[in-house]
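Asks: Pasting in a structure now, in structure tokens, and then I'll have a few things to ask.
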Amino acid sequence: MLKSITRLSAAGVLVLAGLSVAAAQQDAPAAPESPEAKPEESALPHFPLEEPEEMEWSFAGPFGKFDQQQLQRGFQVYREVCSACHSMKRVPFRALGWEGGPHFSEEEVEALAAEYQIQDGPDDTGEMFERPGRPSDYFPSPFPNDEAARYANGGAVPPDMSVLAKARGVERGFPQFLIDIFTTYQEGGPDYIHALLTGYEDEAPEGVTVLPGQYYNPHYMYAAALAMPPPLFDDLIEYAQNQDDDPNNDVPQTVDQYSRDVAAFLMWAAEPHMEARKSMGFTVIAFLLVFLGLVYYVKRKVWSNVEH
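One rule links them: number in our numbering = place in the sequence shown (from 1) + 217.
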């Protein structure tokens with residue numbers, strides 16, 4: 218009993234003290250407002266400054282599939298541009314020949330793998346050595362370690378691109394994320410990659426500070442600027458697809474097309490068995506629907522002669 222009275226007394230003292238402080242603050246004269254102080258300027262910005270546009274992809278939806286030619290073009294963009302800084306160490310060369318992907322022939326996969334030098338060893342003398350790549354090898358990193366990558370890129374380590382299309386993606390708030398569940402929207406990563414690669418601007422708006430060695434991009438999800446310069450330009454890459462004898466097969470060699478193709482390729486790299494997953498999902502749903510019908514029929518048959 219004595220403990221309860223003591224606690225109530227202490228609570229009453231705290232309440233009275235709080236009321237006294239509130240009254241003192243209410244009676245005190247208000248500080249003059251500074252004409253330069255604005256609440257919206259003091260608030261932290263929300264990145265990205267601009268949301269990525271929702272693009273149309275051949276692999277979108279429950280029945281979507283990868284475009285084989287687009288994946289081959291995207292691999293060409295990665296090999297000729299992105300691989301100079303970004304690794305893809307979780308993707309083996311042999312995956313380029315899998316069905317549902319770029320689907321290169323065995324000879325093409327072996328030739329592509331042999332273009333890379335892979336560190337192997339140790340040999341009989343205990344030394345490491347380099348050899349041409351094999352289909353069973355994984356894409357090597359362009360740098361020997363993170364310190365070398367950081368030194369060559371102004372202190373920033375380029376992220377590995379193996380699962381970049383699944384790891385990146387702007388969060389869509391309520392109620393959009395609920396709608397995405399029913400529309401099976403899973404292309405936030407490719408949408409973000411395309412927006413980032415096409416979203417560089419020459420000048421930052423007023424109030425946005427861009428440090429030397431950085432580049433303004435309102436689609437970057439961590440800040441208003443990033444250390445990576447614009448990697449793509451029109452006519453930078455001559456697509457192998459455009460060199461055949463069929464002009465109807467040609468595609469534009471623009472930043473927008475390059476970005477679409479490499480974003481699709483990175484989506485495949487992050488989930489190379491996506492088509493098999495969707496096919497299995499459809500099969501499972503069809504089986505469950507048939508099973509539900511059989512269960513309902515059996516229930517009706519078993520209980521048909523039982524009075525309710």
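Beta carbons are placed, not taken as given, at the ideal position from N, Cα and C, and that holds for glycine.
Note that this is a predicted model, so its numbers are computed, not measured.
Would you grab the beta carbon distance between Y356 and V308 for me? Rounded to a whole angstrom, and I think it's under 8 Å.
Replies: Contrary to the premise, residue 356 reads as Phe rather than Tyr in this sequence. That belief holds up - the Cβ atoms of F356 and V308 are roughly 6 Å apart, short of 8 Å.
Asks: Quick check on this structure: which residue in A330, Q393, I502 has the alpha carbon closest to the alpha carbon of R351?
Replies: A330
Asks: Would you identify the three-state DSSP class for P246, choosing helix, strand or coil?
Replies: Here P246 scores only 46 on pLDDT, less than 50, and its place in the model is too uncertain to base an answer on.
Asks: Classify S304: buried if its beta carbon has 16 or more other beta carbons within 10 angstroms, exposed otherwise.
Replies: buried
Asks: Does DSSP put A442 in a helix, a strand or coil?
Replies: Strand at A442.
Asks: W520: buried (16+ other C-beta within 10 angstroms of its C-beta) or exposed?
Replies: exposed
Asks: Under three-state DSSP, which class holds F276?
Replies: coil
Asks: Would you report the Cα separation of M445 and D478, rounded to the nearest angstrom?
Replies: M445 and D478 have their alpha carbons spaced roughly 19 Å apart.
Asks: Look up Q336 in the DSSP assignment and say whether it is helix, strand or coil.
Replies: Correct three-state label for Q336: strand.
Asks: In whole angstroms, what is the alpha-carbon distance linking A493 and Q285?
Replies: Between the alpha carbons of A493 and Q285 lies a distance of about 15 Å.
Asks: For V436, is the classification buried or exposed, using 16 other Cβ atoms within 10 angstroms of its Cβ as the cut-off for buried?
Replies: Note that residue 436 is His in the sequence shown, not Val. It counts as buried.
Asks: Rounded to whole angstroms, how far is the Cβ of V294 from the Cβ of I454, which I believe are closer than 8 Å?
Replies: Sure, about 6 Å apart at Cβ, within 8 Å.
Asks: How is D407 classed by DSSP in three states: helix, strand or coil?
Replies: The identity of residue 407 in the sequence shown is Pro, whereas the question assumes Asp. Of the three classes helix, strand and coil, the one that applies to P407 here is helix, per DSSP.
Asks: Pull up the DSSP beta-bridge partners for P309, would you.
Replies: Y355
Asks: If contact is defined by three or more beta carbon pairs under 8 Å, each pair taking one atom from either stretch, is the segment 265 to 283 in contact with the segment 406 to 420?
Replies: yes
Asks: DSSP three-state call for Y417: helix, strand or coil?
Replies: Three-state DSSP puts Y417 in coil, outside helix and strand.
Asks: Taking the C-alpha atoms as reference points, what is the distance between K326 and V507?
Replies: Note on identity: in this sequence residue 326 is Val, with Lys being the wrong assignment. If you take the alpha carbons of V326 and V507, they lie about 42 Å apart.
Asks: Measure the C-alpha to C-alpha separation of Y323 and F292 and round it to an integer number of angstroms.
Replies: In the sequence on display, residue 323 carries Glu and not Tyr. Rounded to the nearest angstrom, the two C-alpha atoms are 16 Å apart.
Asks: Could you check how far apart the C-beta atoms of S441 and A421 are, in whole angstroms? I think they sit under 8 Å.
Replies: The sequence as given places Ala at residue 441; Ser does not occur at that position. Indeed, because the Cβ distance is near 7 Å, the residues count as touching under 8 Å.
Asks: Does the distance from the C-beta atom of L395 to that of A487 stay below 8 Å?
Replies: no
Asks: Skipping 5 residues on each side, what residues in its chain have a beta carbon closer than 8 Å to that of F450?
Replies: V472
Asks: Short of 6 Å in beta carbon distance, which residues of its chain neighbour Y475, apart from the five on each side in sequence? Order them along the chain.
Replies: Cβ neighbours of Y475 beyond the five flanking positions: V294, L449.
Asks: Cutting at 6 Å between CB atoms, please list the residues of its own chain near V425, excluding the five before and the five after it.
Replies: A441
Asks: By the three-class DSSP mapping on this structure, what secondary structure does F450 have?
Replies: DSSP, reduced to helix, strand and coil, places F450 outside both helices and strands of the structure shown, so it counts as coil.
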